[in-house]
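Engineer:
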Amino acid sequence: MRVNSSFRLRLAGGVLLLAAAAAGAPKLKVVSIQVTPGDFSLNGAWASERLLVTGILADGSLRDVTPIATFRSADSRIAAVNRSGLVTPVRDGATFISLSVAGRKQKLHVTVTGAHRKLASFRNSVEPVLRQAGCNSAACHGAEHGQGSLKLSLFGGEPEADYDALVRFCGGRRVNRTDPRQSLVLLKAAATAPHSGGARLVPGSRGYDVLTSWLDQGAPWDSAADAAVVSLSLYPGERTLRKGETQRLLATAAFANGAVRDVTAEAVFHSSDPRVASVADGEVKAAGTGDAAIVVTYLRRAAVLRVAVPQTPPANFPRLQANNPVDGLVYAKLAAMGIPPSGLSTEAEFLRRVYLDTIGILPTPAEARAFLADRDPQRRARLIDRLLGRDEFDDFWSLKWGDLLRIKSEYPVRVWPKAVAVYYQWLHQSLAENKPYDQFARELITATGSNFRVGPANFVRAVANKDPRTVAESAALVFMGARLGCARCHSHPYESWTPGDVLALGAFFGRVNYKSTLEWKEEIVYLDFKANLRDPRTRQVVQPRVPAGEPVKAGPEEDPRIRFAAWLTAPDNPWFASNIVNRIWFWLMGTGIVNEPDDMRPTNPPSNPQLLEYLRKELVDSHYDLRHIYRLILNSRTYQLSSEPNEWNAADTAHFARYAARRLSAEQMLDAVSQVTETSEAFRSIIPEPFSNWPSDTRATQISDGNTECAFLDMFGRPPRDTPYEEERDNALSLRQTLYFLNSEQLEGKLSSSPRLKRLLASKQSDTEIVDEIYLAALSRFPSEEERKRLLEYLGARKSARAQAVQDVVWAVLNSREFLFNH
Amino acid sequence: MLDIRGRTAGWTPGGVARRDFLRVGAASLIGLSMAEWLRLRAAPSPARSVIQLWMAGGPTQTDTFDPKPSAGEDFTGPLRGALSTNVPGIQIGTLLPLLARQADKYTIIRGMTHNNNGHETAAYIMQTGTMPTTALVYPAVGAIIGYKKAEAVASSGLPPYITLTSPLGRFSEAGFLGNQYKTFAPGGDPNSANFRVQGLAPPKGVTPQRIEERRALLGSVEALAREADRLDQYGSLDEFQQKAYGLILGDAKKAFDLTQEKDAVRDRYGRNQFGQSCLLARRLVEAGVPFITINDGGWDTHKDNFEAMRRKLPIQDAAVSALLDDLAQRGLLGTTIVTWYGEFGRTPRVANEPPWFGGRHHWGQVFSAVVAGGGFKGGHLVGSSDARGEALRDRPVYPWDLSASIYNLLGIDPHGKLPHPHGCVAYVSPASGGAMPSGGLLTEIM
């Protein structure tokens, strides 16, 4: 975009005012500029380099001023530059590109070599063309069995296989060495021959040129000028944009031979939230307020740009009020995004919330009365300490971990009831004694022994089949929060993980073997030192390797899992501690700092990296004391904010401007109903044998086996524990749940047989006291004057059917949103 | 790789050969030739509903639909002989006389096979029509049909995937589709006078007047509470409560009310849980529910097989024959698929030694399934076992062949996609991926 020169003014001192690219924006003062890249070189006829000019303003903020810069080549017979700063080679030589913007000038040196050379290799030149043209997408040849008998690897994860597919398979018909321009791959791509995918490469385009040159050169795998790509970087790496503003991007790839090249035109871009920022043609446009990540991929490398688009804050932005450093970090991000936080929750709101989030049950009326009457200024912190020490804390978090570790008797986990009991017992014990988290992880990963006697040995057993790759994927998901499993079938779309990475991680578990005993369904996990994981395609032994790490040579009598556990729990491991602190944040706050919490990867950046790093360091420094993290989060003002939105933060869900109200989870719901009515459920499991029956006072949050029958829990979204993903738990409302609360026999039975209600009715207590007790039991607060009045009216009009009237009141309270939601 | 020469499928590593693509283009690898595929694509999809009769535990085929009277007592046990049916050449077990008179309505698939003998895995295989993979936990066929045909019951408020009356519990049924596609299981015994569906019918003792009073009370409680109205979730709670009252006060529950049936009809189905469940299933089909499964247990007869057969088969005989006849008389058999099978069959050779003393064990190599209605022709046999019933003789039918045939009759494209939470590609019938042995769709009877 060019700015009308009449807007330009020259002032003494070299400071210019200029109109911003977006209409109606205030004029800015550019103090200095920064040009990316520095001096560069262009190699080969297809090389090009984008120039990005960033203006630094007086307040330190950055603006992309490339659209208003002018570019000139000192010798356009060597290198040409166009209006938008794209430099292309013309002839071998060296020259300067000069640019000027806002009164600043800069010169870049450019060296051109091989300006007429069109060396194309499959690995580096053709593969990106296929990706960009969509040839290997899931809808086309990247489909599970390809299209029209051509199968390419999805997302280009296996370039060697793709090369074979194009050059060697199909009797070599796709590539015609005697008449290259008649090669089937070219004819189809240009739709010269009938191609149901249409014309993907247009003659004259760069992609078409690359493909024809490659064919002319005999379709080589690689070429002399080429080297393997080592890394990909994206400029800028983070930027705050105003709504409507655009930002050009520069993606640069570095190769093993030291070459560095602009690959923006060949790379594939993706926005994590197009409503916030959209990306097209190497340019980002900020469409709405919020955070977004722009991911660029090229040759299975990825890089990310973090875009923040703040909203206009209100005039009186609230001051920072901090209970601990967590609040300072959250507040800094809120201020930067222009989102004022909500106010503090009331005592009653906090009381009910912290009980549910920490121990999964409601406070008793007596506990509620005591807390609401407490005048100690530290009452909230004291309550948190008390709750962290209660037995119910261990129960509730054993349930959470049971979901992650998939403690379940039946398909697909199939550890059977005996192992479920042993596994759960170990888990519960570990949480109760606050075992350091790194030790906890190590025990799970490296355990051996009978799965009926050694609880953690079930970790390698709790996979649908006994494939080491699946165990590795499970370990990656649970302990790193990484969806490495996506890369099992195909290269990960946004990360550089490939099926080879999954295989190499699986190799750590390659020596695990299982033997059965005379006891039915028991299996002993042992180390078979002669076993090694072999690549299913090449039958070669796979060396264990962590993602982006070096292969590890496992000694002849070594358990490679120990090395994996050591790598994982090392203090500087970027995944281990971040994963668990992010998960705990997610469990307590409803949204993770990285969301989804089990999708941690560089291209899914945290909404608040400083906060995540602070919590990570706190965990490591406290010797992996998980309760320390709970305490930090629960005591923060951020956790204790009201769930009521103000007009500025109503749309925000990612920055913790208020507490996220959510429906009670399945187990919390059942226990809450049982608690209010003082009834219980008899849990049992008759599939499989041996049958399991739990004592009648067992709470839902104490259930160990994912196979326990309970229609209520299924209806309210209890996870089936088939996979460790957090999303398996479904806390959404549904029509059936509403029908249950409004109209079910089971709930009616709980109301009519409720010992609490019977006691209240039999006692000589007044209607007021009864209504108070009901509200305290279910909602952890006293009713307001108006509520009391209305309910006393209702009860007063039904003195002859008093028991039923009291049940109606409890029924109404249980159906209210305040009961069904944790707010 | 599929063997081009015939329907028998071999299993070789290395995926699918190019020639098989050429057979049907990129479309189907379920053992079809191009002509068959085109014909099927053009064929109408008559079925609207499926009633799956699930015999949990694995029902014996030798005593039911694949008798081997000439194999000797080691195989027949005390149930020697077989009954001729009203279709020449088809014989079934001696304890099923009523079904013998209706053999023109159903087809017996004697070539079912999947070679798995574990209850939970075989149940997963038969109910989902897939082999277990580590990548995906598949939803059951019922959940997929419920998902695809949800609009058939959207206005009535009935759930599209109903289990009578308790879920199996072996696996999660909804698989990766998620919790909202789980089956609806009302619980209880339809044969009992107290049978009512949780949530739809008001609890005993709650009169319509009380419902109204409570509703008003709830309204005031909500209005007076100091909670903000601005959160989206609260809005959807209101919406659901409105819809729920619509159902409670409306007619949806009438489908579950068996007192509306004449006694003679109820007697004919049999006054037992299974019989009345079949009758209830017929009513639900009339109300438009696309998939109903009835779970009947007690078929895992490692011991006392023949006592169990004497007890259970008359119940099955009465109920299933009543169901088929009733559907036919009401003109519903053409649009309702009825299936009868379990996770596997049972050993043809009777285990007479201690501690079994006359039991049969698991047999996944070859067993039987019965299909009727909804576009399936009746009075046929598909596949066969050898003289003793121990090995497959010809025309294997794999669980995915059966499920793909059912999808076809319902007008659901087996190559269609299912929504996966991570955006993975999942087909309605994973056999569309092609790398599985297949006997082919049941084109002989479609």
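From first to last, the protein sequence lines stand for chains A and B. The numbers in the numbering used here rise by one with no breaks, and the one at position 641 of the first sequence is 641. In short: position in the second sequence from 1, add 823, done, that's the numbering used here. Every residue gets a Cβ at the ideal spot worked out from N, C-alpha and C, and that includes glycine.
1. According to DSSP, is K1005 (chain B) helix, strand or coil?
2. Should P128 (chain A) be labelled buried (16 or more other beta-carbon atoms within 10 Å of its own) or exposed?
3. Report the rounded CA-to-CA distance for S149 (chain A) versus L186 (chain A), giving the unit in angstroms.
4. Using 8 angstroms for Cβ pairs, my map puts I808 (chain A) next to R1037 (chain B). What's the rounded Cβ distance?
5. Quick one: is S801 (chain B) near chain A, going by C-beta distance under 8 angstroms?
6. Below 8 angstroms on the Cβ atoms is my contact criterion, and I expect A193 (chain A) with P955 (chain B) to pass it. Report the Cβ-Cβ distance as a whole number of Å.
7. Along the alpha helix (DSSP H) that carries E1130 (chain B), what are the first and last residues, could you check?
8. What residues from chain A crowd round P955 (chain B), counting only those whose CB sits closer than 9 angstroms?
9. Would you say I1071 (chain B) faces chain E, with C-beta separation under 8 angstroms as the test?
10. Specify whether the region 962-970 of chain B and the region 929-940 of chain B touch according to this definition: at least 3 beta carbon pairs, one from each stretch, less than 8 angstroms apart.
11. Shortest alpha-carbon distance to T138 (chain A) belongs to which of A:C489, A:N324 and A:G590?
12. Are any of the Cβ atoms in chain A nearer than 8 angstroms to that of V1108 (chain B)?
13. Hey, does G1234 (chain B) have any beta-carbon neighbour from chain A nearer than 8 angstroms?
14. Between the alpha carbons of T470 (chain A) and P536 (chain A), how many angstroms are there, rounded?
15. Counting pairs of beta carbons, one from the region 588-604 of chain A and one from the region 316-323 of chain A, are three or more of them closer than 8 angstroms?
16. Could you compute how far the alpha carbon of I1071 (chain B) sits from the alpha carbon of R759 (chain A)?
17. Does any CB atom of chain A fall closer than 8 angstroms to the CB of T899 (chain B)?
18. Determine, using beta carbons only, whether E160 (chain A) comes closer than 8 angstroms to chain B.
19. Taking C-alpha atoms, which residue in A:R353, A:N608, A:P236 and A:G156 lies nearest to Q668 (chain A)?
20. Answer with yes or no whether the minimum CB distance from Y1057 (chain B) to chain A is below 8 angstroms.
21. Which whole runs of the alpha helix (DSSP H) in the region 1035-1073 of chain B are 4 residues long or more, in chain order?
22. So which of B:G1197, B:S1100 and B:Q1003 has the shortest CA-CA distance to R871 (chain B)?
23. Hey, F888 (chain B) and R1172 (chain B): beta-carbon distance below 8 angstroms or not?
24. At the level of alpha carbons, what is the spacing between A657 (chain A) and L611 (chain A)?
25. Whole angstroms is fine: what's the gap from S893 (chain B)'s alpha carbon to D886 (chain B)'s?
26. Measuring only the C-alpha atoms, how far is D1074 (chain B) from G1111 (chain B)?
27. Sorted by chain position, which residues of the same chain lie with C-beta nearer than 8 angstroms to V15 (chain A)'s C-beta, five sequence neighbours on each side aside?
28. Does any residue of chain B bring its CB to less than 8 angstroms from the CB of I687 (chain A)?
29. If you follow the alpha helix (DSSP H) that E681 (chain A) is in, where does it begin and where does it stop?
30. Out of A:D262, A:R242 and A:E367, which has the shortest C-alpha to C-alpha gap to V825 (chain A)?
31. For the region 941-955 of chain B, list every residue whose C-beta sits within 8 angstroms of some C-beta in chain A, in sequence order.
32. Consider the Cβ of G717 (chain A): report whether some Cβ of chain B lies at a distance smaller than 8 angstroms.
33. Out of curiosity, what's the CA-to-CA distance linking P983 (chain B) and T1116 (chain B)?
34. Which same chain residues end up closer than 6 angstroms to L485 (chain A) when comparing Cβ atoms and leaving out the 5 residues on each side of it in sequence?
35. Does the distance from the CB of L1215 (chain B) to the CB of G934 (chain B) come in under 8 angstroms?
36. List the residues of chain A that R1096 (chain B) touches, going by C-beta distances under 8 angstroms, in chain order.
Structural biologist: Let me lay it out:
1. Correct three-state label for K1005 (chain B): coil.
2. Buried.
3. The alpha-carbon atoms of S149 (chain A) and L186 (chain A) are separated by roughly 16 angstroms.
4. According to the sequence provided, residue 808 (chain A) is Asp. The question's Ile does not apply to it. Confirmed, about 5 angstroms.
5. Here chain B comprises residues numbered 824 to 1269, so residue 801 (chain B) is not present and cannot be evaluated.
6. Rounded, the Cβ-Cβ distance is 42 angstroms, inconsistent with contact.
7. E1130 (chain B) -> alpha helix (DSSP H) spans N1128 to Q1152.
8. Listed by position along chain A, the residues whose Cβ is nearer than 9 angstroms to that of P955 (chain B) are Y411, P412, A464 and N465.
9. Absent from the structure: chain E. Protein chains present are A and B.
10. Taking 8 angstroms as the limit for Cβ pairs, the verdict is that the region 929-940 of chain B does not touch the region 962-970 of chain B.
11. In the sequence as displayed, the identity of residue 138 (chain A) is Ala instead of Thr. Closest by alpha carbon: A:C489.
12. False, the Cβ-Cβ gap to chain A never drops below 8 angstroms.
13. Closer than 8 angstroms: no.
14. Rounded to whole angstroms, the gap between the alpha carbons of T470 (chain A) and P536 (chain A) is 14 angstroms.
15. Touching, no, given that fewer than three Cβ pairs across the two stretches are closer than 8 angstroms.
16. Going by C-alpha positions, I1071 (chain B) is about 31 angstroms away from R759 (chain A).
17. Not one chain A Cβ lies under 8 angstroms of T899 (chain B).
18. Judged by the 8 angstroms Cβ criterion, E160 (chain A) is not in contact with chain B.
19. When the alpha-carbon of Q668 (chain A) is set against those of A:R353, A:N608, A:P236 and A:G156, the nearest one is in A:R353.
20. Proximity of Y1057 (chain B) to chain A, defined by a Cβ-Cβ separation below 8 angstroms, is satisfied.
21. Taking 4 residues as the minimum length, the alpha helix (DSSP H) runs contained wholly in the region 1035-1073 of chain B are 1055-1071, in order along the chain.
22. Nearest option by C-alpha distance: B:G1197.
23. Their beta carbons are not under 8 angstroms apart, which means F888 (chain B) does not touch R1172 (chain B) by this criterion.
24. Looking at the two C-alpha atoms, the distance is approximately 14 angstroms.
25. Take the alpha-carbon of S893 (chain B) and the one of D886 (chain B): they are about 13 angstroms apart.
26. For D1074 (chain B) and G1111 (chain B), the distance between alpha carbons rounds to 13 angstroms.
27. Note that V15 (chain A) scores a pLDDT of 41, beneath 50, so its modelled location is shaky and nothing firm can be said.
28. It does: the Cβ of I687 (chain A) has a partner Cβ on chain B nearer than 8 angstroms.
29. Run containing E681 (chain A): none; DSSP gives neither H nor E here.
30. Examination of residue 825 (chain A) is not possible in this model, given that chain A is present from 1 through 823 alone.
31. Of all residues in the region 941-955 of chain B, H942, E943, T944, A946, Y947 and P955 have a Cβ within less than 8 angstroms of some Cβ in chain A.
32. It does; some Cβ of chain B falls within 8 angstroms.
33. About 11 angstroms.
34. Checking the displayed sequence, the identity of residue 485 (chain A) turns out to be Gly instead of Leu. Result list for G485 (chain A): E473, in chain order.
35. Yes, the Cβ-Cβ distance between L1215 (chain B) and G934 (chain B) is below 8 angstroms.
36. According to the sequence displayed, residue 1096 (chain B) carries Gln and not Arg. Under the 8 angstroms cutoff, chain A gives no residues; its nearest Cβ is about 16 angstroms from Q1096 (chain B).
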